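In full-length UniProt numbering, the protein residues as written are 1 to 141.
We put the beta carbon where it would ideally sit given N, CA and C, even for glycine.
These numbers come from a predicted model, not from an experiment.
This report refers to the structure that appears directly beneath it.
Shown next, in the form of structure tokens:
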């Protein structure tokens, strides 16, 4: 089965005993590694931009009124949120690569059932099936 151009032939994907060929694993690895590298680059650029923003704030804080201070706080919060999001997505891609090495990629961490290919196509770093994800979200709220 295809996931972003790669063949996923794990448990429940129509192959005997859930084995993937070396070629299939490498196709998946290339996609996940590429995604990790993209996210890593985005993260590094965001860190550099955040550093520049903080340096400007330090040198430009004299004479700020409440509105200026509030704007800077909002910008800082947005930059910090972006950094956390990028770091989380990068960590997810790294975890997916680790699962691929272990041979568990494509199977739910909750119930061990296959994650639907449609879900992996949209979110290659998915670690849970839709049902387990919904249960987890209900518990969190």
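Contacting residues, own chain, Cβ-Cβ under 8 Å from residue i (five flanking each side not counted)
i, result
"residue 87", "43"
"residue 75", "53"
"residue 49", "79"
"residue 46", "79, 82, 83, 86"
"residue 16", "Bear in mind that the predicted position of residue 16 carries a pLDDT of just 32, short of 50, making it unreliable; the figure below should be weighed with that in mind. Cβ within range, chain order: n/a, list empty."
"residue 39", "86, 89, 90, 93"
"residue 29", "97, 100"
6 Å Cβ shell around residue i - same chain, five flanking residues per side excluded
i, result
"residue 125", "92, 93, 96"
"residue 35", "93"
Residues near residue i by beta carbon distance below 7 Å, same chain, minus five either side
i, result
"residue 112", "none"
Entirely enclosed alpha helix (DSSP H) segments - the UniProt domain "Zinc finger DksA/TraR C4-type" (103-138), minimum 4 residues: 117-122
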